[in-house]
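So the sequence shown is residues 1 to 547, counted in the UniProt record's numbering.
Have a look at the structure below before the remarks.
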Amino acid sequence: MPIVNGDARGLLSTNQGEIRDYTKALEVLKEYPDRDGLDVDTLLDSDKHGALTYNDFLILPGYIGFPASDVTLDTPVTKRISLKAPLLSSPMDTVTEHNMAIHMALLGGLGVIHHNCSPEDQAEMVRKVKRYENGFISEPVVLSPKTTVREAKELKAKWGFGGFPVTETGELRSKLVGIVTTRDIQFHDDLNQPVTAVMSTDLVTAPAGTTLPEANEVLRSSKKGKLPIVDSEGKLVSLLSRSDLMKNLHYPLASKLPDSKQLICAAAIGTRDADKERLKLLAEAGLDIVVLDSSQGNSLYQIEMIKYVKQTYPEIDVIAGNVVTREQAAALIAAGADGLRIGMGSGSACITQEVMAVGRPQALSVRRVASFAARFGVPCIADGGIQNVGHIVKGLAMGASTVMMGGLLAGTTESPGEYFVSNEGQLVKAYRGMGSIAAMEDTKAGKGSKDGKAANAGTARYFSEKDRVLVAQGVSGSVLDRGSVTKFVPYLIAGIQHSLQDIGVKSLKALHDGVNDKTVRFEVRSGSAQAEGNVHGLHSFDKKLYS
Ligand code: IMP
1 MPIVNGDARG
11 LLSTNQGEIR
21 DYTKALEVLK
31 EYPDRDGLDV
41 DTLLDSDKHG
51 ALTYNDFLIL
61 PGYIGFPASD
71 VTLDTPVTKR
81 ISLKAPLLSS
91 PMDTVTEHNM
101 AIHMALLGGL
111 GVIHHNCSPE
121 DQAEMVRKVK
131 RYENGFISEP
141 VVLSPKTTVR
151 EAKELKAKWG
161 FGGFPVTETG
171 ELRSKLVGIV
181 TTRDIQFHDD
191 LNQPVTAVMS
201 TDLVTAPAGT
211 TLPEANEVLR
221 SSKKGKLPIV
231 DSEGKLVSLL
241 SRSDLMKNLH
251 YPLASKLPDS
261 KQLICAAAIG
271 TRDADKERLK
281 LLAEAGLDIV
291 VLDSSQGNSL
301 YQIEMIKYVK
311 QTYPEIDVIA
321 GNVVTREQAA
331 ALIAAGADGL
341 RIGMGSGSAC
351 ITQEVMAVGR
361 PQALSVRRVA
371 SFAARFGVPC
381 IADGGIQNVG
391 HIVKGLAMGA
401 STVMMGGLLA
411 GTTESPGEYF
421 VSNEGQLVKA
431 YRGMGSIAAM
441 EDTKAGKGSK
451 DGKAANAGTA
461 RYFSEKDRVL
471 VAQGVSGSVL
481 DRGSVTKFVP
491 YLIAGIQHSL
501 QDIGVKSLKA
511 LHDGVNDKTV
521 RFEVRSGSAQ
531 AEGNVHGLHS
541 FDKKLYS
């Protein structure tokens, strides 16, 4: 087909069906004073385009001169701490407890442990993250000598695996007395007998401190299915499983501090006096980063808390927020914040903008705050409103160093809570805003904590103790099953790498530099452009995102 674009200078014009003089095209391009598309400041000029958020714009493609796998995503999350993937899970009680925090860190990101629980429970979660050793099962299912064969069979059916250690008290950190294997109980008909009647007692164990390769070697040579790890008093501390040996146990991106074997751990607290006590327990448990959790962070209380943390725990980095304006950010940076969390009203379970009339469209918020904070070397988190890989890249392009997700991760196996079947027959998990009536009532009643203690006067991100009426800023609902973060996060990472390749930048720093020097260009999307950019005109389709 002939290409005739009607350009007076003959750029790309041909009646031969081919472009004959490509170098000429590049030369002619030089005659254009500006690059195609908009620079970031023109894009975000609210007089021209209104206040934009992620769906309102696109990034123009650049030049691909490298494979996507060459794109590196190293990025700071605070002034001192960097990650290999720019992904954080939100401190919400339907998103991040220790299991999510461990897996986010293993995969190169970071999970921020929520505080809608007692300080002791939260500190225990921090401890679990810091104690976690890849490959070792740090919370094995443990039986007591009184457990019956029937119960052991039921547990095997529930968990889908056998091989349970038996300890004196039925708990971890108690003396190991045996192991019940699938073979021990499979054909045993006297279901009321205790497991001690069938368990194996000729145990092969390894001492605490054994490295993963050493432990794997013992497993291999002993031909056993499970290897209990015990301390000097014979108490069970963890377990290694042969079936895990078959799996890929390597997490090359794992978030660790230099020279440390432990995963980086972050947790959220409020800004009241009681939170100082909470922080003390978290610090003793080994916390690395504390996130001050307020929906409007520019307050006297937060400024004082930042100063307190910096003075009392110089080894812990403080992420302050949330903010959406430069002025808010300036106050928190001046108080000593090591990182900022940006977003107000953009969360998927959030009704703040509707109820409080306060907030800001997220893309604009991120750009305004992040470009300001960059002048002080303070990294920013784009928090809320992330629905897909494209939103992540746009948040990063606006200047954020990392993004934080709630709803997108709430449906994964690693989030707290059980799956259930919705009325429409789909597998879902609960997800709720921390300012939903349900979450706030649980906070007040102390239901967030296993021991039933008043959860936490300081959790109150969305209410104060003196409030007689709880005003909701969030909703509670459910999200679809997304499988495990061990598949989902690598998909997000690969998606970001491909996107940066299309933009023509090889790293997040190059993306930030390109946006700032105006070589990375943008375009505003009209309503019909948005419709065009989504699947349209199909009778039906299956939207499978990765395999
Ligand atoms: P999502 O990723 O869009 O679901 O947004 C998660 C973010 O929403 C969190 O990190 C919080 O900043 C914010 N958030 C959590 N709960 C509430 C709420 O009840 N109201 C408003 N914002 C909330």
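Yeah, the Cβ is synthetic: ideal placement off N, Cα and C, and Gly gets one too.
For P128, count neighbouring C-beta atoms within 10 Å of its own C-beta (all shown protein chains included) and say buried if the count is 16 or more, exposed if not. As a first step, residue 128 must be located in the sequence shown, where it is residue number 128. With the sequence shown as reference, residue 128 is identified as Lys, and Pro is not the correct amino acid for it. Flag for K128 reads buried.
When you compare only the Cα positions, how much space is there between E532 and E523? Taking the first residue of the sequence shown as position 1, residue 532 is located at position 532. Taking the first residue of the sequence shown as position 1, residue 523 is located at position 523. Whole-angstrom Cα-Cα distance: 14 Å.
Can you check which of these residues, G321, G225, A445 and N423, is closest to A268 by C-alpha distance? One-based indexing of the sequence shown puts residue 268 at position 268. Closest by alpha carbon: G321.
As assigned by DSSP and simplified to three states, the class of N99: Here the question's residue 99 lines up with position 99 in the sequence shown. Three-state result, N99: helix.
Check whether the Cβ atoms of S144 and K235 lie closer than 8 Å to each other. Locating residue 144 in the sequence shown gives position 144, where the first residue counts as 1. Locating residue 235 in the sequence shown gives position 235, where the first residue counts as 1. Cβ atoms of S144 and K235: not closer than 8 Å.
Give the range of the alpha helix (DSSP H) segment to which S371 is assigned. Here residue 371 refers to the residue found at position 371 of the sequence shown. Taken as a continuous stretch (DSSP letters only), the alpha helix (DSSP H) holding S371 covers Q362 to A374.
Compute the beta-carbon to beta-carbon distance between A382 and V366, rounded to the nearest angstrom, for a pair I have assumed lies under 8 Å. By 1-based counting over the sequence shown, the position of residue 382 is 382. By 1-based counting over the sequence shown, the position of residue 366 is 366. Contact flag correct, Cβ pair sits at about 5 Å.
Does DSSP classify K544 as helix, strand or coil? Your numbering for residue 544 matches position 544 in the sequence shown. Coil at K544, not helix or strand.
Could you pull the start and end residues of the alpha helix (DSSP H) that T42 belongs to? Mapped onto the sequence shown, residue 42 falls at position 42. Start and end: V40 to L43.
Does any residue of chain C have a CB that is nearer than 8 Å to the CB of G50? Judged by its chain identifiers, the structure shown contains no chain C, having just a single protein chain.
Indicate whether T75 and T402 have their beta-carbon atoms separated by less than 8 Å. Indexing the sequence shown from 1 puts residue 75 at position 75. Indexing the sequence shown from 1 puts residue 402 at position 402. Contact: yes.
CB-CB under 7 Å to S371, same chain, minus the five flanking residues each way: which ones, in chain order? The residue given as residue 371 occupies position 371 in the sequence shown. Excluding residues within five positions, the ones whose Cβ falls inside 7 Å are G399.
Just to confirm, are D189 and S200 a CB contact at a threshold of 8 Å? Residue 189 sits at position 189 when you count from the first residue of the sequence shown. Residue 200 sits at position 200 when you count from the first residue of the sequence shown. No; because the gap between Cβ atoms is not below 8 Å, this pair is not in contact.
Less than 7 Å separating the Cβ of Q473 from some heavy atom of the ligand IMP? Counted from its first residue, the sequence shown places residue 473 at position 473. Yes, the ligand IMP has a heavy atom inside 7 Å of this Cβ.
Between L263, K518, R341 and L545, which lies nearest to R35 when the distance is taken from Cα to Cα? For this step, residue 35 is matched to residue 35 along the sequence shown. Considering only alpha carbons, the answer is K518.
Same chain, Cβ closer than 7 Å to V112, neighbours up to 5 away in sequence not counted: Your numbering for residue 112 matches position 112 in the sequence shown. Cβ within range, chain order: L88, S89, S90, P91, T96, A266, A267, A268 and V291.
According to DSSP, is residue 594 part of a helix, a strand, or is it coil? This structure cannot speak to residue 594, because the chain is shown only from 1 to 547.
So, does the segment 294-305 touch the segment 317-337, judging by three or more C-beta pairs under 8 Å? yes
Secondary structure of K130, DSSP reduced to three states: Looking up residue 130 in the sequence shown gives position 130. Here K130 sits in helix by DSSP.
Please confirm whether any heavy atom of the ligand HEM lies closer than 7 Å to the CB of M92. With respect to the ligand HEM, the structure offers nothing, as its ligand set consists of the ligand IMP.
So, at 6 Å on beta carbons, what are the nonlocal neighbours of K153 in its own chain, with the 5 sequence-adjacent residues on each side left out? Stepping through the sequence shown from its first residue, residue 153 is reached at position 153. Excluding positions up to five away in sequence, the list reads I185.
Quick one: grab the DSSP three-state call for K235. As a first step, residue 235 is located in the sequence shown; it is residue number 235 there, counting from the start. In the structure shown, K235 sits in a strand (DSSP, three-state: E or B).
Does the distance from the CB of G339 to the CB of V378 come in under 8 Å? For the purposes of this step, residue 339 is taken as the residue at position 339 of the sequence shown. For the purposes of this step, residue 378 is taken as the residue at position 378 of the sequence shown. Yes.
Given a threshold of 16 other Cβ atoms within 10 Å of its Cβ, counted over all protein chains shown, does R375 qualify as buried or as exposed? Walking along the sequence shown from the start, residue 375 turns up at place 375. Flag for R375 reads exposed.
Output yes or no for whether 8 Å exceeds the beta carbon distance between L219 and R521. The sequence position of residue 219 within the sequence shown is 219, counting from 1. The sequence position of residue 521 within the sequence shown is 521, counting from 1. It is not a contact, given that the beta carbons lie outside the stated cut-off.
Grouping DSSP H, G and I as helix and E and B as strand, with all else coil, what is E418? Here the question's residue 418 lines up with position 418 in the sequence shown. Note: E418 maps to coil in three-state DSSP.
According to the Cβ coordinates, are V471 and G433 closer than 8 Å? Numbered from 1 along the sequence shown, position 471 holds the residue referred to as residue 471. Numbered from 1 along the sequence shown, position 433 holds the residue referred to as residue 433. Not a contact, by the Cβ cut-off of 8 Å.
Cβ of M404 within 7 Å of any heavy atom in the ligand IMP? Position 404 of the sequence shown holds residue 404. Yes, since a heavy atom of the ligand IMP falls inside the 7 Å radius drawn around the Cβ of M404.
Per-residue DSSP class, three states only, for L257: Your numbering for residue 257 matches position 257 in the sequence shown. If DSSP states are grouped into helix, strand and coil, L257 belongs with coil.
Inter-residue CB distance, A68 and H498 (contact presumed, cutoff 8 Å): Position 68 of the sequence shown holds residue 68. Position 498 of the sequence shown holds residue 498. About 5 Å separates the two Cβ atoms, so the contact holds.
Along the chain, where does the alpha helix (DSSP H) that runs through V309 open and close? What you label residue 309 is simply residue 309 of the sequence shown in a count that begins at 1. Its alpha helix (DSSP H) spans residues L300 to T312.
3-residue-minimum beta strand (DSSP E) runs that sit fully inside the segment 70-95, ordered along the chain: 87-89
Cut-off 8 Å between Cβ atoms - residues of its own chain near V141, not counting five sequence neighbours on either side: Looking up residue 141 in the sequence shown gives position 141. Here the set comprises L155, W159 and F164.
Opposite K226 in the DSSP bridges: which residues? The count along the sequence shown starts at 1 and reaches residue 226 at position 226. According to DSSP, which records beta bridges pairwise, K226 is partnered with S241.
Are there 16 or more other CB atoms within 10 angstroms of the CB of E414, so buried, or fewer, so exposed? Here residue 414 refers to the residue found at position 414 of the sequence shown. E414 comes out buried.
Can you grab the Cα-Cα spacing for the pair S526 / V309, in whole Å? Stepping through the sequence shown from its first residue, residue 526 is reached at position 526. Stepping through the sequence shown from its first residue, residue 309 is reached at position 309. Roughly 46 Å between the two C-alpha positions.
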